[in-house]
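> Sharing a structure, written as structure tokens. Questions coming.
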Amino acid sequence: MTIAVVGTGAVTALGPSAQDLWQGARSGRVAIGPVRGLPMQEYRTRVAGEVAEIPFSGTGCRDRALELAIAAAHEALGELPRSVPPERCGVVLGTCNAGVISAWQWLKATVSSEHVDPRLVAGSTPQALAEALAVHFGFQGPVLAVNTACASGTNAIGLAADLIRLGRADFVLAGGTDGLSEVAFAGFDALGSLSEQAAAPYCGSRSGLSLGEGSGMVALASPVLAQDARWPVLAEVLAYGLSADGYHVTAPRPDGSVAAQAMRSALARAGARTSKVGYVNGHGTGTGRNDSAETKAIRLAFGAHADQLLVSSTKSVIGHLLGAAGAVEAIVTVRALAEGVAPPTAGYTRHDPDCDLDYVAGDARRFEADLAVSNSFAFAGANASVVLAKPGSWRVPEPTADRVVITGMSVITPAGNEIESAWQALRRGVPVRCGVRVDPDPHLDRRARRRMDRLAVFSVITAARALASAGITDPESAGIVFGTGNGPMEAMADFALPLLAEGRSAANPGVFPNTVYNQAAGQVAKHLGLRGPTSTLSVGHATGAAAISYAADLVATGHSDTLLVTVTDTVSAEVVQAYADNGLPPTCLLAEGSVTLVLERRSTALARGATVLAELLGSGTAFDGRPRRPWDPRGTGLERAMHNAMADGDSKPEEIDTLWLNACGLAWADRAEQRAVHRVFTEQPTTYEPKRVLGEPAGVGGALSTALAVHGLAGGTALVNSSSLGGTHVSLLLGADR
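Under the numbering used here, the first residue of the sequence shown carries the number 490, and numbering increases by one thereafter.
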């Protein structure tokens, strides 16, 4: 199924609209100039693609990234009629730094013991931004935040298209957003990655990247909805591909082989021949290694046809928008297809033998083709490519679907690092009040751990042990979907606190790469040799269940035969302070943890003689967040999530044997869940509340409940609930393999 692009919106340095973006990109007008909104005197560069003015949203938002996203979303939705039921409308938002500007303000005030509005930090998480968008527009379907670093925008569009293809939504607002921040400038400056002039991607004299800011949003709809509503279709999303370099925290794999894999996967899933592609919107950052590696990747993916392609980089005119880059560049690609015009790569003046494609130097050029590709590559070796088409020009083959089974798992919990120890603690029912203890030496030597934070260390350990429990010894084709509710807060503090105290000179280039949410996924891929699809989600306290649901969809539809789902969260002093500032009661005890599940296509597992622990029968997602208040006290969102999961798995409430609650000691949330459960179940099944015993491990909770449910399945059927604090609810349906 193709997915219709029925609206686009963008706010960039070129102006406050998608039309400004396209006209500027088409003419090669460089909007990278002196930064006026940040103190720049300490940096080697003074230029970036800064947004001069954000259209007024009337929300009173504090964070620039959210204001940018709301403005772009308003344009994307435009005059589209609001006839779609809100529970069928979703949001998938990609971001690299989320509300880092608000978090920076909160941290400065906290360090100096000043009074600070706790909403600054509560609203700074990736999921908080996605949920704020959903509340603003009244959407009640799936609401998800993607944090695959600079591949986030492209990944978000692909995930949103999947939600529609699989019937989980009819209409999804998807894209990316990021604002310029002192943290990002200090980090990239410390790495020596910034150019003193406007970036010149692919050029022989290129000297680094230019940062930018902005947001790009696309309105996606099912083809049936678009036709029935008579919405104009601007382009179609055919397919996307993901891959993991597993090579280095910041540098791409030099030969481009795994980035090429993402392009090949996208083209194969689209059923497209390379000869049908006329234009590639390249990742092209202006750094030496990135541009040459991408050139090699394009040659590997397209073969001899690479010499016929027009390739250009939008970053040459607006800078690198980080998590928003892929979304904004997809919008440029949509317009390029519509007009048959490839925009130029601005600043390209000198040939580089390592970059030997046609980069559209000088002026825009005409091309005749129905298909185009947009690439995004990221820190931690994450690669994403999306194939777009002129409306009605292409038919996408249906993937060969398969059932999804769990064949391995591993946990780190306060009760111990075996699932049996957590199970026994749960049966005893006595709250475990101690931190996690784990010996990393069997999996990572001290040299390997030297520049890794605990988020990455825990993740590598559970991933390695889960692979071993699944009996997988050659995982190269496997991928990883990583989840974290709070993100790399330890690394964030290690990087930001010295920056606050001493300024730019204290920016640590060894720590900065660990501040991206997907860095742990990159470490897992590197240390375990994974090269398959990779994506990172941060859906608050619902992350674990959301990551499992997404990974299961990727496996079921053939993106990969095998995916690891690793979900990890750690607790730092700053995390404790942030929760305390927002009124976390003593009945809700914070905890750390990590869980990895191995998901496989059932045919793959059986072919290799694997032991199947359980089958993932279905999943459901819903949203019931409200402005400036907790989610619906009636539990309507969680009720819909449970019904959606059971419908997805063709099950009825009376067929559920065990129910795993989200209950965590927050009275308002626990009451809402109980109300939902009482409406769904005439007779309540055997019920477990693992967070009452093992603590509230933020994003890990849903994954840990899933692992416990699998461990205690005993041939029955289990339903697992998970909820974010902002009103995103995910339910998973598990059953014994039959």
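No residue lacks a Cβ here, since even glycine has one placed at the ideal position from N, Cα and C.
Rounded to the nearest angstrom, how far is the Cβ of Asn864 from that of Met752, given a contact under 8 Å?
7 Å
> How would you write the range of the alpha helix (DSSP H) that Glu979 sits in, first residue to last?
Element bounds for Glu979: 978-991.
> Nearest by alpha-carbon distance to Val726: which of Gln797, Ala819, Val806, Asp744 is it?
Ala819
> With a Cβ-Cβ cutoff of 8 Å, do Leu1052 and Val970 count as a contact?
Yes, the pair counts as a contact, with Cβ atoms nearer than the cut-off.
> Going by CA-CA distance only, name the one from His809, Leu1127, Lys1180, Ser601 that's closest to Ala687.
His809
> Inspect the CB distances between the segment 721-737 and the segment 640-654 and report whether three or more fall short of 8 Å.
yes
> Starting from the Cα of Ser613, find the closest Cα among Ile590, Glu783, Gln629 and give me that residue.
Ile590
> Give me the Cα-Cα distance between Pro977 and Pro574, rounded to the nearest whole angstrom.
36 Å
> Do you know how far the Cα of Ala748 is from the Cα of Leu951?
For the record, residue 951 in the displayed sequence is Thr; it is not Leu. Cα to Cα, the separation comes out at about 26 Å.
> With a 10 Å radius around its C-beta and 16 neighbouring C-beta atoms as the bar for buried, classify Val600 as buried or exposed.
exposed
> Taking buried to mean at least 16 other C-beta atoms within 10 Å of its own C-beta, is Pro1075 buried or exposed?
exposed
> Kindly indicate the opening and closing residues of the beta strand (DSSP E) around Ser874.
871-878
> For the beta strand (DSSP E) that contains Phe660, what are its first and last residues?
660-667
> Is Glu568 buried or exposed, if buried means 16 or more other CB atoms sit within 10 Å of its CB?
exposed
> At a cut of 8 Å, does the segment 886-900 reach the segment 1158-1165 through at least three beta carbon pairs?
no
> Is Ala658 closer than 8 Å to Pro615 when the C-beta atoms are compared?
no
> Sorted by chain position, which residues of the same chain lie with C-beta nearer than 6 Å to Met1131's C-beta, five sequence neighbours on each side aside?
Val1169, Ser1220
> Sort Tyr837, Cys844, Thr803 by Cα distance to Arg824 and report the nearest one.
Looking only at Tyr837, Cys844, Thr803, the smallest Cα-Cα distance to Arg824 is reached by Thr803.
> Can you tell me the Cα-Cα spacing of Glu1128 and Tyr1039, whole angstroms?
20 Å
> Counting only C-beta atoms, is Ser1108 closer than 8 Å to chain C at any point?
The displayed structure is made up of one protein chain only, and chain C is not part of it.
> DSSP on Phe674, reduced to helix/strand/coil?
helix
> Quick one: measure Cβ to Cβ for Gly767 and Leu811, integer angstroms, because I've assumed they're closer than 8 Å.
Wrong, their Cβ atoms sit about 28 Å apart, outside the cutoff.
> Can the beta-carbon of Asn1193 be found less than 8 Å from the beta-carbon of Gly1082?
First, the amino acid is wrong: residue 1193 is Leu here, not Asn. Cβ atoms of Leu1193 and Gly1082: closer than 8 Å.
> Whose C-beta lies closer than 7 Å to the C-beta of Leu756 among residues of the same chain, with five residues either side of it excluded?
Thr763, Val876
> Determine the contact status of Val519 and Ala835, defining contact as a CB-CB distance below 8 Å.
yes
> If I measure Cβ to Cβ from Asn1003 and keep anything under 6 Å in the same chain, skipping five residues before and after, which residues do I get?
Asp942, Pro977, Ala980
> Do Asp1113 and Thr1125 have their beta-carbon atoms positioned less than 8 Å apart in this structure?
yes
> Under a three-way DSSP split, which group does Arg1090 fall into?
Under the three-state reduction of DSSP, Arg1090 is assigned to strand.
> For the segment 1082-1129, which segments carrying the beta strand (DSSP E) assignment without a break, of at least 3 residues, lie completely within its bounds, in sequence order?
Taken in chain order, the unbroken stretches of beta strand (DSSP E) that lie wholly in the segment 1082-1129 and span 3 residues or more are 1082-1090, 1103-1112.
> At 3 residues or longer, what runs of the beta strand (DSSP E) sit wholly inside the segment 507-594?
Scanning the segment 507-594 for uninterrupted beta strand (DSSP E) segments of 3 residues or longer gives 578-583, listed from N- to C-terminal end.
> Could you spell out where the beta strand (DSSP E) holding Asn779 opens and where it closes?
Run containing Asn779: none in the beta strand (DSSP E); it sits in the alpha helix (DSSP H), 777-791.
> Among the residues of its own chain, which have a CB less than 6 Å from the CB of Pro886, if the five just before and after it don't count?
Counting only Cβ-Cβ distances below 6 Å, and skipping sequence neighbours, we find Gly760.
> Helix, strand or coil: how does DSSP classify Ile1145 here?
coil
> Out of Ala996, Ala1031, Arg515, Gly999, which one is the CA nearest neighbour of Gly974?
Ala1031
> Nearest CA to the CA of Ser704: which residue from Glu531, Thr1100, Ile543, Pro987?
The shortest Cα separation from Ser704 among Glu531, Thr1100, Ile543, Pro987 belongs to Ile543.
> Cutting at 6 Å between CB atoms, please list the residues of its own chain near Tyr1177, excluding the five before and the five after it.
Trp1149.
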